[in-house]
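See structure below.
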Amino acid sequence: MKELGLAEEDYIIRYRHFRLDPEEKREIKGDNHYYFFIYPYYNIRVESKTGLYDMDDDGVNEMQHYHTGLIKLENQSKNRMDAKFIQIVPLEMRRKTLENDE
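Right, dumping it as C-alpha coordinates:
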(Lines of atoms letter the chains of each structure in order from A; the text may use other names.)
(Lines give C-alpha, C1' and ligand atoms only; values in the text may rest on other atoms or scores of the structure.)
Protein backbone atom coordinates (compact mmCIF):
# COMPACT_ATOMS: atom_id res chain seq x y z
CA MET A 0 0.00 0.00 0.00
CA LYS A 1 3.04 2.23 0.24
CA GLU A 2 2.90 2.51 -3.56
CA LEU A 3 -0.55 4.08 -3.20
CA GLY A 4 0.73 6.56 -0.62
CA LEU A 5 -0.89 4.88 2.40
CA ALA A 6 0.84 4.04 5.66
CA GLU A 7 -0.21 0.90 7.55
CA GLU A 8 -2.48 2.79 9.93
CA ASP A 9 -4.21 4.72 7.11
CA TYR A 10 -6.45 1.99 5.68
CA ILE A 11 -8.54 -1.05 6.46
CA ILE A 12 -8.73 -4.27 4.48
CA ARG A 13 -12.00 -6.10 3.86
CA TYR A 14 -12.74 -9.40 2.18
CA ARG A 15 -15.77 -9.01 -0.12
CA HIS A 16 -17.69 -12.02 -1.39
CA PHE A 17 -20.51 -11.29 -3.85
CA ARG A 18 -22.98 -14.00 -4.93
CA LEU A 19 -24.31 -13.43 -8.43
CA ASP A 20 -27.37 -15.17 -9.79
CA PRO A 21 -27.21 -16.63 -13.32
CA GLU A 22 -26.51 -13.85 -15.87
CA GLU A 23 -26.88 -11.20 -13.14
CA LYS A 24 -25.31 -7.76 -13.57
CA ARG A 25 -24.43 -5.66 -10.52
CA GLU A 26 -22.69 -2.36 -9.85
CA ILE A 27 -20.46 -1.61 -6.86
CA LYS A 28 -19.72 1.97 -5.88
CA GLY A 29 -15.99 1.87 -5.28
CA ASP A 30 -15.12 5.56 -5.38
CA ASN A 31 -11.90 6.16 -3.43
CA HIS A 32 -11.68 2.46 -2.59
CA TYR A 33 -9.40 -0.13 -4.15
CA TYR A 34 -10.76 -3.53 -5.13
CA PHE A 35 -8.50 -6.45 -6.04
CA PHE A 36 -10.34 -9.22 -7.89
CA ILE A 37 -9.11 -12.60 -6.65
CA TYR A 38 -11.63 -15.25 -7.74
CA PRO A 39 -13.04 -16.89 -9.96
CA TYR A 40 -11.16 -16.93 -13.21
CA TYR A 41 -13.89 -17.71 -15.75
CA ASN A 42 -17.50 -16.71 -16.38
CA ILE A 43 -17.17 -13.38 -14.54
CA ARG A 44 -16.70 -9.98 -16.17
CA VAL A 45 -15.38 -7.12 -14.03
CA GLU A 46 -15.16 -3.65 -15.56
CA SER A 47 -14.18 -0.28 -14.09
CA LYS A 48 -12.40 2.92 -15.07
CA THR A 49 -9.09 1.14 -14.43
CA GLY A 50 -9.71 -1.71 -16.85
CA LEU A 51 -11.41 -4.97 -17.66
CA TYR A 52 -11.22 -8.57 -16.49
CA ASP A 53 -12.98 -11.06 -18.78
CA MET A 54 -11.29 -14.37 -19.58
CA ASP A 55 -14.05 -15.13 -22.10
CA ASP A 56 -13.19 -12.06 -24.23
CA ASP A 57 -10.44 -12.99 -26.69
CA GLY A 58 -9.92 -9.31 -27.54
CA VAL A 59 -8.57 -8.46 -24.09
CA ASN A 60 -4.77 -8.73 -24.02
CA GLU A 61 -4.28 -7.85 -20.35
CA MET A 62 -6.64 -8.72 -17.52
CA GLN A 63 -7.02 -6.03 -14.87
CA HIS A 64 -7.32 -7.32 -11.30
CA TYR A 65 -7.23 -3.84 -9.69
CA HIS A 66 -10.46 -1.82 -9.86
CA THR A 67 -11.76 1.48 -8.50
CA GLY A 68 -14.68 3.83 -9.12
CA LEU A 69 -17.93 2.33 -10.42
CA ILE A 70 -17.28 -1.41 -10.76
CA LYS A 71 -19.56 -3.46 -12.99
CA LEU A 72 -19.87 -7.19 -12.31
CA GLU A 73 -21.46 -9.63 -14.70
CA ASN A 74 -22.07 -13.33 -14.20
CA GLN A 75 -21.75 -14.77 -17.72
CA SER A 76 -22.76 -18.24 -16.56
CA LYS A 77 -26.14 -19.93 -16.33
CA ASN A 78 -25.16 -20.97 -12.80
CA ARG A 79 -24.86 -18.92 -9.64
CA MET A 80 -21.29 -17.65 -9.26
CA ASP A 81 -19.25 -15.97 -6.55
CA ALA A 82 -17.00 -12.98 -7.16
CA LYS A 83 -14.35 -12.43 -4.49
CA PHE A 84 -12.36 -9.27 -3.85
CA ILE A 85 -9.97 -7.75 -1.37
CA GLN A 86 -11.17 -4.20 -0.68
CA ILE A 87 -8.83 -1.48 0.57
CA VAL A 88 -10.58 1.45 2.26
CA PRO A 89 -8.38 4.48 3.00
CA LEU A 90 -9.45 5.72 6.45
CA GLU A 91 -9.45 9.38 5.41
CA MET A 92 -11.92 8.59 2.62
CA ARG A 93 -14.00 6.50 5.05
CA ARG A 94 -14.20 9.45 7.47
CA LYS A 95 -15.31 11.79 4.67
CA THR A 96 -17.92 9.26 3.48
CA LEU A 97 -19.32 8.91 7.02
CA GLU A 98 -19.43 12.70 7.46
CA ASN A 99 -21.32 13.10 4.16
CA ASP A 100 -23.87 10.48 5.23
CA GLU A 101 -24.79 12.40 8.41
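Quick note on numbering that gives the first Met the number 0: the sequence shown kicks off at 0 and runs consecutively.
From the three backbone atoms N, C-alpha and C, an ideal C-beta is built for every residue, glycine too.
Taking three-plus beta-carbon pairs below 8 Å as touching, is the stretch 8-16 in contact with the stretch 44-58? no
Quick one: what does DSSP say E26 is sitting in, helix, strand or coil? Within the sequence shown, residue 26 is the residue found at index 27, counting from 1. Here E26 sits in strand by DSSP.
In the DSSP assignment, what are the bridge partners of Q86? Position 87 of the sequence shown, counted from the first residue, corresponds to residue 86. Paired residue(s): R13, Y34.
Between V88 and the rest of its own chain, which residues show a CB-CB distance below 7 Å, the 5 nearest in sequence each way excluded? The count along the sequence shown starts at 1 and reaches residue 88 at position 89. So the list reads Y10, I11, R13, H32, once near-sequence residues are dropped.
What did DSSP end up calling E91 once you bin it into helix, strand or coil? Numbered from its first residue, the sequence shown carries residue 91 at position 92. Residue state, collapsed to three classes: helix.
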